[in-house]
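Trainee: Structure in structure tokens, see below.
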Amino acid sequence: MNLEVSEKCIACGACVRDCPTGALTVENGRAAVRKSDVCINCLHCVAVCPVGALAMNGVGAADCAVPQALPKPEEVKNLIRQRRSIRQFAAGDIPKAEIDDLLSVLAAAPTGCNAQTNGFLVIDSKEKMVALKTALVALLKEKFASLPEFLRGPVIACTKNPEADPFFRHAPHLLVVHAKEGAVTPTEDCVAACAYFDILMQGCGYGTTWCGFLKMIVDAVPEAIDLLGLPRGTAFYAMMFGRPDVVYPRVPPRV
Ligand SMILES: Cc1cc2nc3c(=O)[nH]c(=O)nc-3n(C[C@H](O)[C@H](O)[C@H](O)COP(=O)(O)O)c2cc1C
2 MNLEVSEKCI
12 ACGACVRDCP
22 TGALTVENGR
32 AAVRKSDVCI
42 NCLHCVAVCP
52 VGALAMNGVG
62 AADCAVPQAL
72 PKPEEVKNLI
82 RQRRSIRQFA
92 AGDIPKAEID
102 DLLSVLAAAP
112 TGCNAQTNGF
122 LVIDSKEKMV
132 ALKTALVALL
142 KEKFASLPEF
152 LRGPVIACTK
162 NPEADPFFRH
172 APHLLVVHAK
182 EGAVTPTEDC
192 VAACAYFDIL
202 MQGCGYGTTW
212 CGFLKMIVDA
222 VPEAIDLLGL
232 PRGTAFYAMM
242 FGRPDVVYPR
252 VPPRV
């Protein structure tokens, strides 16, 4: 933890009050470190300082963006109510630069103890999605005798019709959020990031669907994760995404 306090500090204590771990204090008329080993580098101190006097671990006011207007409360509520799992995707891959821009936003999703250990693995083309599905189905066929019933049906469907895609719904892309070394809440971080991705993408006009199937497959056949190039036992969750090819003219209630 490296706290720099400029002469602008007015000793108001805003940073002390907002620090979630009690790392700061006010001493001799200036913000100061109280307990350095508890800092989780969340930068709340930098964010909250009314005069921009603090730099934590090299990040100061000059490195921060200015808060922008947020969607109106009714718009946020409508997004949550109106988002739908999209299982019909328009043809065409989303360009890499567009995906990278969205992932740079997703990096702002919160993580337990601010560990920031989420990795974002993207299957970046329909061609690679088809290859992944084909490899998964081949592996599941090998393991058929030991598969749970809910996986056998889709495998049979894919055997009868190689074009079928019950796992990925013909999506052109898949995001796999995976926890890296050092995660404090690995599973929760991955699921939380997927939830943020769902809302981010749908708010920006893309289509998403949670890919619980991939998790169920890896739970049943742990070596399936090899196909993603991730170490066995890695915590992850996944979402299909692409451009939607379906419109919903109404919003049914949850019943
Ligand atoms: C954790 C989770 C896993 C899911 N896994 C799948 C999946 O593997 N395939 C799929 O088509 N839909 C999947 N869904 C989507 C749900 O079926 C869907 O959210 C639900 O039917 C409600 O529909 P809506 O999302 O359009 O409101 C999943 C949803 C969640 C939250």
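Residue numbers for the sequence shown follow this note's numbering, beginning at 2 and rising by one. No residue lacks a Cβ here, since even glycine has one placed at the ideal position from N, Cα and C.
1. Anyone know if the C-beta pair for V39 and T26 falls short of 8 Å?
2. Going by DSSP, which residues form a beta bridge with H174?
3. CB-CB under 6 Å to P163, same chain, minus the five flanking residues each way: which ones, in chain order?
4. If distances are taken between C-alpha atoms only, which option among I226, F121, P250 comes closest to C240?
5. One question on the structure: do A139 and H179 come within less than 8 Å of each other, judged by their Cβ atoms?
6. What residue range does the alpha helix (DSSP H) around E76 cover?
7. With a threshold of 6 Å on Cβ separation, who are the neighbours of P187 within its own chain once the five nearest residues in sequence on each side are excluded?
8. Which term fits Q69, buried or exposed, when burial requires 16 or more other beta carbons within 10 angstroms of its beta carbon?
9. How close, in whole Å, do the beta carbons of R244 and G93 come, if the pair is a contact with beta carbons under 8 Å?
10. Let me know if P80 comes out buried or exposed under the rule of 16 or more other beta-carbons within 10 Å of its beta-carbon.
11. Rounding to the nearest angstrom, what Cα-Cα distance links E75 and G208 in this structure?
12. Using the C-alpha atoms, what's the distance from E189 back to N119?
13. Using the beta carbon as the reference atom, which residues fall closer than 6 Å to any heavy atom of ligand 1, ordered along the chain?
14. May I ask you to report which of helix, strand or coil DSSP gives F198?
15. Which residue wins for smallest C-alpha separation from V49, given the options P167, A12, G234?
16. For A194, tell me which candidate among Q83, R88, G14, S105 has the shortest Cα-Cα distance.
17. Relative to the C-alpha of A54, which candidate in L201, S7, V60 has its C-alpha closest?
18. Between P21 and A32, what straight-line distance do the alpha-carbon atoms span, to the nearest angstrom?
19. In three-state terms, what does DSSP make of R233?
20. Is the region 124-132 in contact with the region 163-173, if contact means three or more CB pairs nearer than 8 Å?
21. Classify F151: buried if its beta carbon has 16 or more other beta carbons within 10 angstroms, exposed otherwise.
22. Runs of 4 residues minimum, wholly inside the region 30-113: which ones carry the alpha helix (DSSP H) assignment?
23. Between F198 and E28, what straight-line distance do the alpha-carbon atoms span, to the nearest angstrom?
24. Restricting to Cα atoms, I'd like to know which of V252, P253, V248 is closest to Q320.
Mentor: A quick look at the data gives this:
1. No, these two residues do not count as a Cβ contact at 8 Å.
2. BP columns for H174 point to F242.
3. No residues qualify anywhere along the chain.
4. Checking the sequence shown, residue 240 turns out to be Met, not Cys. Of the candidates I226, F121, P250, the one whose C-alpha sits nearest the C-alpha of M240 is F121.
5. No, these two residues do not count as a Cβ contact at 8 Å.
6. Where E76 is concerned, the enclosing alpha helix (DSSP H) stretches over 74-83.
7. A distance below 6 Å between beta-carbons, with the five flanking residues on each side excluded, links P187 to the following residues of its chain, in chain order: A180, A236.
8. The residue is exposed, with fewer than 16 neighbouring Cβ atoms inside 10 Å.
9. By a beta-carbon distance limit of 8 Å, R244 contacts G93. Their separation comes to about 7 Å.
10. Before going on, a small fix: residue 80 reads as Leu here, not Pro. Looking at its Cβ environment, which holds fewer than 16 other Cβ atoms inside 10 Å, L80 is exposed.
11. Cα to Cα, E75 sits roughly 21 Å from G208.
12. Between the alpha carbons of N119 and E189 lies a distance of about 11 Å.
13. In chain order, the qualifying residues are R85, S86, R88, R170, T210, W211, C212, G213, F214.
14. Judged by DSSP in its simplified three-state form, F198 adopts helix.
15. Nearest neighbour of V49 by Cα position, chosen from P167, A12, G234, turns out to be A12.
16. Residue S105 is the option with its Cα nearest to A194.
17. For the residues L201, S7, V60, the minimum Cα distance to A54 belongs to S7.
18. Cα-Cα distance, rounded: 15 Å.
19. Reduced to three states, the DSSP call for R233 is coil.
20. Touching, yes, given that three or more Cβ pairs across the two stretches are closer than 8 Å.
21. Exposed, since its Cβ has fewer than 16 Cβ neighbours within 10 Å.
22. With a minimum length of 4 residues, the unbroken runs of alpha helix (DSSP H) contained wholly in the region 30-113 fall at 45-49, 74-83, 97-107.
23. C-alpha separation (whole angstroms): 42 Å.
24. As shown, the chain starts at 2 and ends at 256. That puts residue 320 outside it, with no answer to give.
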